[in-house]
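J.: Protein chains in written order, with our numbering: chain S, 1 to 159; chain R, 160 to 547. Ideal Cβ placement from N, Cα and C applies to all residues, glycine included. Dumping the structure here so I can ask a few things about it.
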Ligand SMILES: Cc1ncc(COP(=O)(O)O)c(C=O)c1O
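Below, the structure written as structure tokens:
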């Protein structure tokens, strides 16, 4: 199952037939396994990694360090939910260290992102402080180097 | 002036490499998918490259001892102890060389007298017979067959052994066939070597690329450590072909003799690459396993593909080659390769480049991306249909 997951994580376009050959298993077994992994939300979603800059689409991404006061009973989770429900929030992680939540926010431009931080994020009850870092350049995303110059440099035929 | 008369007859007698000839045809064609490459498609893992850069910054730019960096020899000895339970003294029983290529040359030159015969199961890596000739020996090739999955049998060896036979040169997992030798059959070969008192040169460069069961190291067989010159290197398993690092493990007498040649002809292997090789052994197992798993999946794609195309081939269990029979197309290996290249732009290597017994087969390397392999199989399928 781990090998199947690794393959799909790298290339979700692989067909059941291809996967069956690669893993040396019957197609029916692979199909059933993928279905189970999806039903159990082990495979959360099949998604493309897009280089928006290359697509000519302007987007601004910010990473925001958020300090919060944990609440009795629910700890960090209740505030986290209030944050991650916003569609502007792309990712949200609970962190160890100097701050508590790391929020990744995406918007059309700087203004849009700052407005989100000042009006939505920092006003949530329990949010103590925010520090916003705007992303300048993306080199690698989801394990993929965006502009990989390592071409095949081998001879066409060799012993 | 006829300069070719001035060339040594030994060199003149060596036929040009069949691969070289084919390379010249392929070299300037566009849009070719190549299954003709005998090296990994992976670039050396970054941690290994990075350690070399660091080594250069630290000033590792000098000669090393003739034997190579002691730390590298220690790492190698440790690995063999751990993987195969064979003990080698890193100080007197290990020599770092410029690839297995150099180690092979040294081994042959160290042991051969003019006229000494060397048994070589065939099809085999292109250098084997040439290196025996250059060392003044006589290569005696032992044809193996697809029926027996290109494993060599003692019956085949017994048929060709003579009082002049000095050594046996084997390379499993095999380039070009992808054959491996199971342990019990290697034991039979060991008994044969013992019976005829032969030195065994075992080229195990593809040992880590074994896909069913575990590779058997020849010198781990009872009684074989003393008579075996074990060759291995970093080119294939660690994707380090261009670094040129290999090594020989053998008893101190063999290693001393090989070192004598090495010290006057090569001095030492490049230090930058030796530094990188240490990193490969220390921290490279996880990356190597990932590459092995990937080759294994591609191997299954190739076997499945050729079965669907209808070309007979046995399931290769090692290296990264598959060696289908093309006899049913009525073409020779070279015709098949040339026609496939012109009609469908897929390059592979005609089997006879690896010896006469490779005629009727072609070598396809699956050291290429899954997408490339799938596309190549489609083209080969289209091509073969025109002949079946
Ligand atoms: C069977 C075999 N032995 C030896 C070599 C040479 O390896 P190295 O790069 O270590 O010189 C190769 C390379 O293709 C090979 O296939």
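Strictly under 7 Å for the Cβ-Cβ distance: is residue 159 (chain S) near chain R by that measure?
T.: Here the question's residue 159 (chain S) lines up with position 159 in the first chain. Residue 159 (chain S) counts as touching chain R.
J.: For the stretch 404–450 of chain R, list the alpha helix (DSSP H) runs that are entirely contained and at least 4 residues long, ordered along the chain.
T.: Those alpha helix (DSSP H) runs which fall completely within the stretch 404–450 of chain R and span 4+ residues are 411–424, 430–442.
J.: Determine which residues of the stretch 16–36 of chain S have a Cβ less than 8 Å from any Cβ of chain R, and write them out in chain order.
T.: If you check each beta-carbon in the stretch 16–36 of chain S against every beta-carbon of chain R, the ones closer than 8 Å belong to 18, 21, 22, 23, 24.
J.: Between residue 368 (chain R) and the rest of its own chain, which residues show a CB-CB distance below 8 Å, the 5 nearest in sequence each way excluded?
T.: The residue you call residue 368 (chain R) lines up with position 209 of the second chain. So the qualifying residues of the chain are 332, 395, 396, 451, 454, 477, 478, 479.
J.: Could you pull out every residue in the same chain whose Cβ sits closer than 7 Å to the Cβ of residue 268 (chain R), ignoring the five residues on either side in sequence?
T.: In the second chain, counting from the first residue as 1, residue 268 (chain R) sits at position 109. If we look at residue 268 (chain R) and ignore the five residues flanking it on each side, its Cβ neighbours are 294, 420.
J.: Rounded to the nearest angstrom, what separates residue 498 (chain R) and residue 424 (chain R) at their Cα positions?
T.: Translated into positions along the second chain, residue 498 (chain R) becomes position 339. Translated into positions along the second chain, residue 424 (chain R) becomes position 265. If I take the Cα positions, the gap works out to 42 Å.
J.: Going straight from the alpha carbon of residue 415 (chain R) to that of residue 386 (chain R), what length do you get?
T.: Counted from its first residue, the second chain places residue 415 (chain R) at position 256. Counted from its first residue, the second chain places residue 386 (chain R) at position 227. Rounded to the nearest angstrom, the two C-alpha atoms are 14 Å apart.
J.: Please say whether residue 501 (chain R) and residue 546 (chain R) have beta carbons closer to each other than 7 Å?
T.: To locate residue 546 (chain R), count along the second chain from 1; it is residue 387. To locate residue 501 (chain R), count along the second chain from 1; it is residue 342. For residue 546 (chain R) and residue 501 (chain R), no; Cβs fall outside 7 Å.
J.: Counting contacts by CB-CB distance shorter than 7 Å, is residue 197 (chain R) in contact with chain S?
T.: On the second chain, residue 197 (chain R) is found 38 positions in, with the first residue counted as 1. Yes, residue 197 (chain R) lies at the interface with chain S (some Cβ there is under 7 Å from its Cβ).
J.: Cα-Cα, which of S:18, S:3, S:151 is closest to residue 529 (chain R)?
T.: Counted from its first residue, the second chain places residue 529 (chain R) at position 370. Cα-wise, what sits closest to residue 529 (chain R) is S:18.
J.: For residue 391 (chain R), which of helix, strand or coil comes out of DSSP?
T.: Position 232 of the second chain holds residue 391 (chain R). Correct three-state label for residue 391 (chain R): strand.
J.: Should residue 347 (chain R) and residue 313 (chain R) be called a contact, given that it needs their Cβ atoms to be closer than 7 Å?
T.: Here residue 347 (chain R) corresponds to residue number 188 of the second chain, with the count starting at 1. Here residue 313 (chain R) corresponds to residue number 154 of the second chain, with the count starting at 1. Annotated as proximal: residue 347 (chain R) and residue 313 (chain R), with beta-carbon spacing under 7 Å.
J.: Short of 6 Å in beta carbon distance, which residues of its chain neighbour residue 249 (chain R), apart from the five on each side in sequence? Order them along the chain.
T.: For the purposes of this step, residue 249 (chain R) is taken as residue 90 along the second chain, with counting starting at 1. Closer than 6 Å at Cβ, skipping near neighbours: 232, 233, 236.
J.: Using a beta-carbon distance below 7 Å, is residue 181 (chain R) in contact with chain S?
T.: Residue numbering aside, residue 181 (chain R) sits at position 22 when the second chain is read from its first letter. So yes, residue 181 (chain R) belongs to the interface.
J.: Leaving out the 5 sequence neighbours to the left and right, which residues in its chain are closer than 8 Å to residue 325 (chain R) when beta-carbon positions are compared?
T.: Locating residue 325 (chain R) in the second chain gives position 166, counting from the first residue. Only 270, 271, 272, 275, 276, 277, 296, 357, 358 meet the Cβ criterion.
J.: Counting only beta-carbon atoms, is residue 156 (chain S) nearer than 7 Å to chain R?
T.: For the purposes of this step, residue 156 (chain S) is taken as the residue at position 156 of the first chain. Yes, its Cβ sits closer than 7 Å to a Cβ of chain R.
J.: With a threshold of 6 Å (Cβ to nearest heavy atom), would residue 367 (chain R) be considered close to ligand 1?
T.: Here residue 367 (chain R) corresponds to residue number 208 of the second chain, with the count starting at 1. Flag unset: Cβ of residue 367 (chain R) not near ligand 1.
J.: Would you say residue 299 (chain R) and residue 316 (chain R) are within 7 Å of each other, going by their C-beta atoms?
T.: Here residue 299 (chain R) corresponds to residue number 140 of the second chain, with the count starting at 1. Here residue 316 (chain R) corresponds to residue number 157 of the second chain, with the count starting at 1. It is not a contact, given that the beta carbons lie outside the stated cut-off.
J.: Could you name the residues, in chain order, whose CB is less than 6 Å away from a heavy atom belonging to ligand 1?
T.: S:159, R:197, R:258, R:259, R:260, R:284, R:330, R:334, R:362, R:364, R:392, R:394, R:400, R:405
J.: So is residue 173 (chain R) buried or exposed if we call it buried at 16+ other beta carbons inside 10 Å?
T.: On the second chain, residue 173 (chain R) is found 14 positions in, with the first residue counted as 1. It counts as exposed.
J.: Please decide whether residue 435 (chain R) counts as near chain S, where near means a Cβ-Cβ distance under 7 Å.
T.: Here residue 435 (chain R) refers to the residue found at position 276 of the second chain. False, the Cβ-Cβ gap to chain S never drops below 7 Å.
J.: In the DSSP assignment, what residue or residues form a beta bridge with residue 65 (chain S)?
T.: Taking the first residue of the first chain as 1, we reach residue 65 (chain S) at position 65. Answer is S:102, S:131.
J.: For residue 535 (chain R) and residue 109 (chain S), I'd like the C-alpha separation in whole angstroms.
T.: Looking up residue 535 (chain R) in the second chain gives position 376. Looking up residue 109 (chain S) in the first chain gives position 109. For residue 535 (chain R) and residue 109 (chain S), the distance between alpha carbons rounds to 45 Å.
J.: Who are the neighbours of residue 186 (chain R) on chain S, taking C-beta pairs under 7 Å?
T.: For this step, residue 186 (chain R) is matched to residue 27 along the second chain. Neighbours of residue 186 (chain R) on chain S, chain order: 156.
J.: Check the Cβ of residue 40 (chain S) against every Cβ in chain R and list those closer than 8 Å, keeping chain order.
T.: Mapped onto the first chain, residue 40 (chain S) falls at position 40. Correct list: empty, because the minimum Cβ distance to chain R is about 24 Å.
J.: List, in chain order, every chain R residue whose beta-carbon is nearer than 7 Å to that of residue 147 (chain S).
T.: Locating residue 147 (chain S) in the first chain gives position 147, where the first residue counts as 1. At a beta-carbon threshold of 7 Å, none of the residues of chain R lie near residue 147 (chain S); the nearest stands roughly 16 Å away.
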